[in-house]
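Q: The sequence shown lines up with residues -18 to -1, 1 to 226 when you count with mature numbering (1 follows the signal peptide of the UniProt record, and there is no 0).
First the structure, then my questions, so here it is.
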Amino acid sequence: MRHLPFYFLLLHALFASSQDLPQTLTHPPPTPTTPHATLEQRAGTVIIVTVTVTPSTVPITPSYTNPVIFENDILNQTNYYRRQHNASTLIWNETLAAYAKQWAEPCDWKHSGGPYGENLAEGYTNVTSAIDAWAIESKEYKYSPPAGFSEKTGHFTQLIWKATTDVGCGVADCSANDDDNTRGKAVGWFLVCEYWPPGNVVGDHNEYFKDNVKPVVSLGVRLKVHGFGVWLMFGFAEAFLQLL
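Shown next as structure tokens:
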């Protein structure tokens, strides 16, 4: 089982009612150093994490209550979107999962302040719909020039951040707070996902976003025939031969 080094992370808390629209957090960032530097070297880096809010009831669903289904749904839906953006497949990390679970259980609707990238969601009836809500922010993201971090796209960019390799999530049933969300408590199912290495690294004129947030990969098949390559690009009106 992989265990992670401690990592510097600057986070913000968000308090919202169950009637709020989905939203994210941001902060004016300093310029970071290298993406995978030590804690001391990364003292000037800001990693931004995000929160999703949606109103919902809390039915009993195996997507949240069955640990095997929960893990599979997280990985399947996360990697579905990562493949679309030419990002590597994430693996499940128990260190991250335990951290996420511990943070979710008190139902505190705020960020953990921990060392990882972090996405939060509340009120979604299953894992798939929560991750879909993060991913749909892609419609607002601009790739050229890279938009960098935005309140509108922060969940999406963390979700498909290319340098991220591990994910672990936890969930808690916070439906006891549904009638009174005025005390900064999550409502419904509270989903916490932690990522390593963290995404949404800001600074350096958005170069980190240029390197780690890629547009959707065109559907294509490359066939090798007698030393020649044929590149067929579906969605385009042409195919061409390319000398290898």
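Each residue gets a CB set at the ideal place from its N, CA and C atoms; glycine is no exception.
Everything numeric in this text was worked out from a predicted model, so none of it was measured.
1. Contact check, residue 102 vs residue 178 under 8 Å by CB: the rounded distance?
2. Please state whether DSSP places residue 136 in a helix, a strand or coil.
3. Whose C-beta lies closer than 7 Å to the C-beta of residue 142 among residues of the same chain, with five residues either side of it excluded?
4. Applying the criterion that 16 or more other CB atoms from any shown protein chain within 10 Å of the CB defines a buried residue, is residue 139 buried or exposed?
5. Do residue 87 and residue 169 have their C-beta atoms closer together than 7 Å?
6. Pull up the distance between the alpha-carbon of residue 153 and that of residue 114, whole angstroms please.
7. What residue does the alpha helix (DSSP H) around residue 114 start on, and which one ends it?
8. Residue 131 by DSSP, collapsed to three states: which one?
9. With DSSP collapsed to three states, give me the class of residue 160.
10. Pull up the CB-CB distance for residue 110 and residue 55, whole angstroms please, since I reckon it's below 8 Å.
11. Use the C-beta contact count for residue 159: other C-beta atoms within 10 angstroms, 16 or more gives buried, fewer gives exposed.
12. Pull up the distance between the alpha-carbon of residue 72 and that of residue 137, whole angstroms please.
13. Secondary structure at residue 103, three-state DSSP: helix, strand or coil?
14. Looking at the structure shown, is residue 85 part of a helix, part of a strand, or coil, going by DSSP?
15. For a test of your reading of the model: does the CB of residue 148 fall under 6 Å from any non-hydrogen atom of the ligand FAD? Yes or no.
16. Along the alpha helix (DSSP H) that carries residue 63, what are the first and last residues, could you check?
17. Specify, as a first and last residue, the run of the alpha helix (DSSP H) that residue 90 falls within.
18. Less than 7 Å between C-beta atoms, sequence neighbours within five positions excluded: which residues of the same chain meet that for residue 82?
19. Which residues share a DSSP beta bridge with residue 176?
A: Quick answer:
1. Here residue 102 refers to the residue found at position 120 of the sequence shown. Here residue 178 refers to the residue found at position 196 of the sequence shown. Not really, about 16 Å apart at Cβ, beyond 8 Å.
2. Position 154 of the sequence shown, counted from the first residue, corresponds to residue 136. Of the three classes helix, strand and coil, the one that applies to residue 136 here is helix, per DSSP.
3. Here the question's residue 142 lines up with position 160 in the sequence shown. So the list reads 63, 64, 67, 69 and 195, once near-sequence residues are dropped.
4. Numbered from its first residue, the sequence shown carries residue 139 at position 157. Buried: at least 16 other Cβ atoms inside 10 Å.
5. For the purposes of this step, residue 87 is taken as the residue at position 105 of the sequence shown. For the purposes of this step, residue 169 is taken as the residue at position 187 of the sequence shown. No, the Cβ-Cβ distance between residue 87 and residue 169 is not below 7 Å.
6. Here residue 153 is taken as the residue at index 171 of the sequence shown, counted from 1. Here residue 114 is taken as the residue at index 132 of the sequence shown, counted from 1. Distance between the alpha carbons of residue 153 and residue 114: 17 Å.
7. Along the sequence shown, read from residue 1 onward, the residue named residue 114 stands at position 132. Per DSSP, residue 114 belongs to the alpha helix (DSSP H) from 109 to 117.
8. Here residue 131 refers to the residue found at position 149 of the sequence shown. Three-state DSSP puts residue 131 in coil, outside helix and strand.
9. Your numbering for residue 160 matches position 178 in the sequence shown. In this structure, residue 160 counts as coil in the three-state DSSP scheme.
10. Position 128 of the sequence shown, counted from the start, is the residue given in the question as residue 110. Position 73 of the sequence shown, counted from the start, is the residue given in the question as residue 55. Confirmed, Cβ separation roughly 6 Å.
11. In the sequence shown, counting from the first residue as 1, residue 159 sits at position 177. Buried: at least 16 other Cβ atoms inside 10 Å.
12. Walking along the sequence shown from the start, residue 72 turns up at place 90. Walking along the sequence shown from the start, residue 137 turns up at place 155. If you take the alpha carbons of residue 72 and residue 137, they lie about 16 Å apart.
13. For the purposes of this step, residue 103 is taken as residue 121 along the sequence shown, with counting starting at 1. In the structure shown, residue 103 sits in a strand (DSSP, three-state: E or B).
14. Locating residue 85 in the sequence shown gives position 103, counting from the first residue. Here residue 85 sits in helix by DSSP.
15. The ligand FAD is not part of this structure, which contains no ligands at all.
16. Here residue 63 corresponds to residue number 81 of the sequence shown, with the count starting at 1. Taken as a continuous stretch (DSSP letters only), the alpha helix (DSSP H) holding residue 63 covers 49 to 66.
17. As a first step, residue 90 must be located in the sequence shown, where it is residue number 108. Unbroken run through residue 90: none, as it is neither H nor E.
18. On the sequence shown, position 100 is the one that residue 82 refers to. Only 150, 151, 152, 174, 175 and 176 meet the Cβ criterion.
19. Here residue 176 refers to the residue found at position 194 of the sequence shown. According to DSSP, residue 176 bridges with 100 and 150.
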